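Student:
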Amino acid sequence: MEKHRQFIRAKLEQVAASNRLRTLKNPPMGNIDFFSNDYLGYATKGFLKQATNPAYDAAWTGATGSRLISGNHPEMEQLERDVAKFMDCPAALLYNSGYMANTGLLSALGDKDSIFLFDEHVHASIKEGMRLGFGQKAAFKHHDLEDLERKLTHHDQKGKRLFVLTEGLFSMHGDIPDVGKLLGICEKHGAALIIDEAHALGTLGKEKKGVSHEFSRHPNLLARIITFGKAAGGHGAMVLGNEDLRSFLVNFSRAFIYTTAPSRDQVRSIDAAMKLMAAKVNFEAMDRAVATFLETVPSSSTGFSKNISPIQYWRCADVPLLKEKVNQLQQSGINCYPILSPTVKKGEERIRIVLHAFNTPEEIKKLINILHA
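Using full-length UniProt numbering, you'd call the opening residue of the sequence shown number 1 and step up by one each time.
1. Quick check: the Cα distance between K230 and A43, rounded to an integer number of angstroms?
2. According to DSSP, is K45 part of a helix, a strand, or is it coil?
3. From which residue to which residue does the alpha helix (DSSP H) around P74 run?
4. Taking C-beta to C-beta, are K137 and F116 nearer than 9 Å?
5. Where in the segment 161-207 do unbroken runs of the alpha helix (DSSP H), each at least 4 residues long, occur, reported from the N-terminal end onward?
6. Quick one: using the 10 Å Cβ neighbour count with 16 as the cut-off for buried, is Y99 buried or exposed?
7. Counting Cβ pairs closer than 8 Å, one from the segment 325-345 and one from the segment 276-294, do we hit at least three?
8. Any Cβ of chain D within less than 9 Å of the Cβ of A17?
9. Less than 9 Å between the beta carbons of G168 and S212, yes or no?
10. Tell me the DSSP bridge mates of N335?
11. When DSSP labels each residue in this structure, what does S269 get in the three-state scheme?
12. Report yes if the CB atom of K102 is closer than 9 Å to the CB atom of P262, and no otherwise.
13. Thinking C-alpha only, which one of L40, I32, F35 is nearest L276?
14. Count the other C-beta atoms from every protein chain shown that fall within 10 angstroms of the C-beta of residue 411, then say buried if there are 16 or more, exposed otherwise.
15. Would you call the segment 274-290 and the segment 350-362 in contact, with 3 or more CB pairs under 8 Å?
16. Can you list, in chain order, the stretches of the alpha helix (DSSP H) that have 4 or more residues and sit fully within the segment 86-140?
17. Could you have a look at L148 and say whether DSSP puts it in helix, strand or coil?
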């Protein structure tokens with residue numbers, strides 16, 4: 001056993017020596033929030049309390065098992081039908097988290113006849129899903145459609161099934177792909193597009209249903225992944241696609257098959273959040289926060305991003321200065337999070353700024369003034 005403990009200690013010492021040791025911290029309560037994914041305020045402003053009231057009017061609370069044994073429930077299936085209709089697709093399948101949705105989908109699709117071509121900045125769960133399967137994989141440069149085209153042309157000769165993977169809104173960069181052009185390239189090469197809309201649901205696209213929503217019926221759009229732990233203010237995720245894809249995942253997705261189903265709280269929270277989104281609750285307020293940020297950023301500043309999304313950043317390759325700015329923000333009652341190498345490339349270190357429906361113009365100006373000083 002000692003060599004096992006030595007291995008664990010050595011790994012911890014290794015990351016500590018490079019200043020990359022992660023620890024759990026409780027963010028200061030009452031500070032101005034510029035770092036959470038609660039874009040619309042559904043999670044922290046009381047919108048979902050009624051949906052998860054412990055005074056239940058029915059017996060079931062916990063799922064009791066996996067959905068293929070004892071854990072399926074009519075409320076889950078109704079939720080899937082409702083979300084599928086809301087998102088304009090034939091079918092949806094509920095997962096416990098976005099991580100499980102991505103790993104469950106991609107590991108099931110990835111056999112020896114599959115090739116995944118993925119944007120180099122996709123989320124770790126997408127990379128893990130590919131790793132768990134048996135397909136080949138190759139990255140293309142971020143948003144570089146010419147690089148993607150070259151790689152598709154190269155792999156198109158092999159007679160394999162081609163998948164293109166990207167995100168609707170990149171969480172560290174705040175930028176979005178050109179979905180129309182991606183689908184055109186996929187159509188040309190017979191490839192299937194899979195897009196993770198985790199951060200785009202509730203923030204971007206037609207009716208804020210994600211940047212790929214207007215293409216929801218495109219034949220080369222195989223799947224969309226939406227999550228409920230960000231703008232929706234809850235927890236869980238769904239894979240959206242056709243009925244065949246849903247049945248395929250029920251039969252072959254290990255992350256769906258071999259886990260306890262979601263609880264009633266989770267199901268009802270998602271249902272309540274989707275009703276709020278259908279009513280466009282806080283959409284305009286979030287858009288105003290983004291507009292205020294873009295209007296307030298000094299034209300002379302080169303460090304600030306100017307994205308159309310609620311994810312912005314202030315870039316600073318001088319890491320000591322960046323950390324000093326984070327401390328200044330915290331001392332001024334603002335919660336922001338530094339993003340360092342290797343999460344982003346060396347020289348692209350930044351402070352990630354997340355705008356919310358509840359951020360006031362005064363709060364946004366205060367943030368910018370501290371960073372620009």
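C-beta: ideal position from N, C-alpha, C; glycine also. Model, not experiment: these values are computed from the prediction.
Tutor: Checking against the coordinates, here is how it stands:
1. Approximately 8 Å between the Cα atoms of the pair.
2. In the three-state reduction of the DSSP assignment, K45 falls in the coil class, being assigned neither a helical nor a strand state.
3. Segment 74-86, the alpha helix (DSSP H) holding P74.
4. F116 is positioned such that its CB atom lies closer than 9 Å to that of K137.
5. Counting only runs of at least 4 residues, the segment 161-207 fully encloses the following alpha helix (DSSP H) elements, listed from N- to C-terminal order: 179-189.
6. Per the 10 Å Cβ criterion, buried.
7. With a cut-off of 8 Å, the segment 276-294 and the segment 325-345 do not count as touching, because too few Cβ pairs lie within range.
8. Absent from the structure is chain D; it holds one protein chain and no more.
9. Against a cut-off of 9 Å, the Cβ pair of S212 and G168 comes out as a contact.
10. N335 is bridged to D33.
11. Helix at S269.
12. One point to set straight first is that residue 102 is Asn, not Lys, in the sequence displayed. For the pair N102 and P262, the CB atoms are not nearer than the 9 Å cut-off.
13. When only C-alpha atoms are compared, the closest one is L40.
14. Since the first residue of the chain shown is 1 and the last is 373, residue 411 is not available in this structure.
15. Yes, the segment 274-290 is in contact with the segment 350-362.
16. If only uninterrupted alpha helix (DSSP H) runs of at least 4 residues are considered, those enclosed by the segment 86-140 are 98-109, 124-132.
17. In the three-state reduction of the DSSP assignment, L148 falls in the helix class, which pools H, G and I.
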